[in-house]
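**Student:**
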Amino acid sequence: MSELTKTAVTPSTHTAPPARFSHGVRKGNILQVAGQVGFLPAVPGQPPTPAGPTLREQTLQTLANVQAVLEAGGASWEDAVMIRVYLTDTGHFTEFNEIYNAFFAGLTQPPAARTTVYVGLPGGLLVEIDALAVLG
Amino acid sequence: MSELTKTAVTPSTHTAPPARFSHGVRKGNILQVAGQVGFLPAVPGQPPTPAGPTLREQTLQTLANVQAVLEAGGASWEDAVMIRVYLTDTGHFTEFNEIYNAFFAGLTQPPAARTTVYVGLPGGLLVEIDALAVLG
Amino acid sequence: MSELTKTAVTPSTHTAPPARFSHGVRKGNILQVAGQVGFLPAVPGQPPTPAGPTLREQTLQTLANVQAVLEAGGASWEDAVMIRVYLTDTGHFTEFNEIYNAFFAGLTQPPAARTTVYVGLPGGLLVEIDALAVLG
Chain A
1 MSELTKTAVT
11 PSTHTAPPAR
21 FSHGVRKGNI
31 LQVAGQVGFL
41 PAVPGQPPTP
51 AGPTLREQTL
61 QTLANVQAVL
71 EAGGASWEDA
81 VMIRVYLTDT
91 GHFTEFNEIY
101 NAFFAGLTQP
111 PAARTTVYVG
121 LPGGLLVEID
131 ALAVLG
Chain B
1 MSELTKTAVT
11 PSTHTAPPAR
21 FSHGVRKGNI
31 LQVAGQVGFL
41 PAVPGQPPTP
51 AGPTLREQTL
61 QTLANVQAVL
71 EAGGASWEDA
81 VMIRVYLTDT
91 GHFTEFNEIY
101 NAFFAGLTQP
111 PAARTTVYVG
121 LPGGLLVEID
131 ALAVLG
Chain C
1 MSELTKTAVT
11 PSTHTAPPAR
21 FSHGVRKGNI
31 LQVAGQVGFL
41 PAVPGQPPTP
51 AGPTLREQTL
61 QTLANVQAVL
71 EAGGASWEDA
81 VMIRVYLTDT
91 GHFTEFNEIY
101 NAFFAGLTQP
111 PAARTTVYVG
121 LPGGLLVEID
131 ALAVLG
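Residue numbers (UniProt numbering), protein chains in the order written: chain A, 1 to 136; chain B, 1 to 136; chain C, 1 to 136.
Shown next as structure tokens:
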């Protein structure tokens, strides 16, 4: 087996992770995106701030944040094989899917598989998303 | 790196995904199965219907649905390296394991790793399962 | 594609899995660690016992248990690309991160990506962690 390099993927728009983890990791042809939430692009000296209180605002920002990691890692949504969606309210499923479907309307490759479950998230956050991509 | 093809895996028995995702995705030797629940095989013109209200009925149907995706992707349970189990009630753990163990009694390869956590699911659903397989 | 071998990874310190799954599975250069909790090393004839009631005790034991699987599979934390953290209380996030950061202070490779969500776990368990490693 050839020696594979492990690379941290850190978009310039992102806040520093709140702990010792990477926003994304690339090793070989695997790119794993860490769980992203709807934080706006980082502003130096300011704490992470959600895009807004609504599911729509947070979902679009969360997807943008996942995309930033994919792109910083040399990938795109077309390479994603799995997207994990964590919502906080089963009542959000229909609206979330509308946003999700519109966002991915332009895919040319088959869409990623997806698992959606309902969990707790820190105050005010309505959605968290991570993704696994296989490149090449 | 050779060019890898990304393929959607869609068993004929499955209802259409409720959003822009694939029931399974194969890329290279990775096959990711999306989160499956206990819906019966699709009937045209009818909404997705759970196999029944009990943990046993839903678990067996859910495992059948994961298996259908594995097989449509050219794999089997023998290739699964990870199975993620989402239950809704910690009181279901013992019964779930009994069903799970019986279901996998015939494996000839080492069983997949597994993570089991307790989450919320939409009304009436008691279990969701996804799987990652490595082929070859 | 060359034939890949699927191997169960079972540290000698571990209790037998409570169901038909493996604590870890290695196939090709993929090593998947099953969800670990804070059980102390197995004692024959005794049921699994958590390291203690506190987040700190359980987190350190859980990380030790994940590490034991990584090492039994020929890997280390340096190879981990994704760590999934399941907590039970959003109020634990800050303390968990302090423990996590200290634990990983000595990494020489980029730290793994991470997703943290809040779920239910069986009585008394405060944390569950699994990991995906890519070797080579």
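All residues carry an ideal CB built from backbone N, CA and C; glycine is no exception. This structure is a prediction, so every number in the text was calculated from the model and none was measured.
1. Tell me the DSSP bridge mates of residue 78 of chain C?
2. Below 6 Å CB to CB, which residues in the same chain sit around residue 84 of chain C once its five sequence neighbours on both sides are set aside?
3. Going by CA-CA distance only, name the one from C:3, C:134, C:13, C:4 that's closest to residue 74 of chain C.
4. Assuming residue 96 of chain B and residue 107 of chain B make a contact with CB atoms under 8 Å, what is their CB distance in whole Å?
5. Got a sec, what are the start and stop residues for the alpha helix (DSSP H) residue 69 of chain A sits in?
6. What in chain C is Cβ-close to residue 56 of chain A, meaning under 8 Å?
7. According to DSSP, is residue 3 of chain A part of a helix, a strand, or is it coil?
8. What residue does the alpha helix (DSSP H) around residue 94 of chain C start on, and which one ends it?
9. Would you mind sorting residue 62 of chain C into buried or exposed? The rule is 16 or more other CB atoms within 10 Å of its CB.
10. My output table needs one value for residue 10 of chain B: the three-state DSSP class, helix, strand or coil.
11. Would you mind telling me which residues of chain B sit closer than 9 Å to residue 128 of chain C, beta carbon to beta carbon, in chain order?
12. For residue 1 of chain B, collect the residues of the same chain with a Cβ closer than 8 Å to its Cβ; drop the 5 residues on either side in sequence, then sort them by chain order.
13. If you draw a straight line from the C-alpha of residue 119 of chain C to the C-alpha of residue 90 of chain B, how long is it?
14. Using alpha carbons as the reference points, say which of A:32, A:121, A:42 lies closest to residue 77 of chain A.
15. For residue 27 of chain A, which residues in the same chain have their Cβ closer than 6 Å to its Cβ, ignoring the five residues on either side in sequence?
16. Measure the alpha-carbon distance for residue 93 of chain B versus residue 14 of chain A and round it to whole angstroms.
17. Who are the Cβ neighbours of residue 72 of chain C in its own chain at under 6 Å, not counting the five residues just before and after it?
18. Go through its chain and collect everything with a Cβ distance to residue 29 of chain B's Cβ below 7 Å, but skip five positions before and after it.
**Tutor:** Taking the structure as given:
1. In the DSSP output, where bridge partners are listed per residue, residue 78 of chain C has none listed.
2. The residues are 115, 130.
3. Of the listed residues, the one whose Cα sits closest to residue 74 of chain C is C:134.
4. Taking C-beta atoms under 8 Å as the contact rule, residue 96 of chain B and residue 107 of chain B fail to qualify, at a distance of about 17 Å.
5. In the DSSP assignment, residue 69 of chain A falls within the unbroken alpha helix (DSSP H) covering 55 to 72.
6. Neighbours of residue 56 of chain A on chain C: none; closest Cβ ~21 Å, over 8 Å.
7. In this structure, DSSP gives residue 3 of chain A a state outside helix and strand, which the three-state scheme calls coil.
8. Where residue 94 of chain C is concerned, the enclosing alpha helix (DSSP H) stretches over 93 to 103.
9. Classification of residue 62 of chain C: buried, given that the 10 Å Cβ count is 16 or more.
10. In this structure, DSSP gives residue 10 of chain B a state outside helix and strand, which the three-state scheme calls coil.
11. The contacting residues are 115, 116, 117.
12. Confidence in residue 1 of chain B is poor, its pLDDT being 47 and thus under 50, which makes the residue's placement unreliable; the coordinate value appears in the next sentence. There are no such residues.
13. The alpha-carbon atoms of residue 119 of chain C and residue 90 of chain B are separated by roughly 11 Å.
14. Here the closest residue by C-alpha is A:32.
15. For residue 27 of chain A, same chain residues with a beta-carbon under 6 Å away, outside a window of 5 residues either side, are 4, 6 in chain order.
16. Between the C-alpha atoms of residue 93 of chain B and residue 14 of chain A there is a straight-line separation of about 39 Å.
17. Around residue 72 of chain C: 9, 11.
18. Leaving aside the five residues that flank residue 29 of chain B on each side, the residues in its chain whose CB is nearer than 7 Å to its CB run, in chain order, 134, 135, 136.
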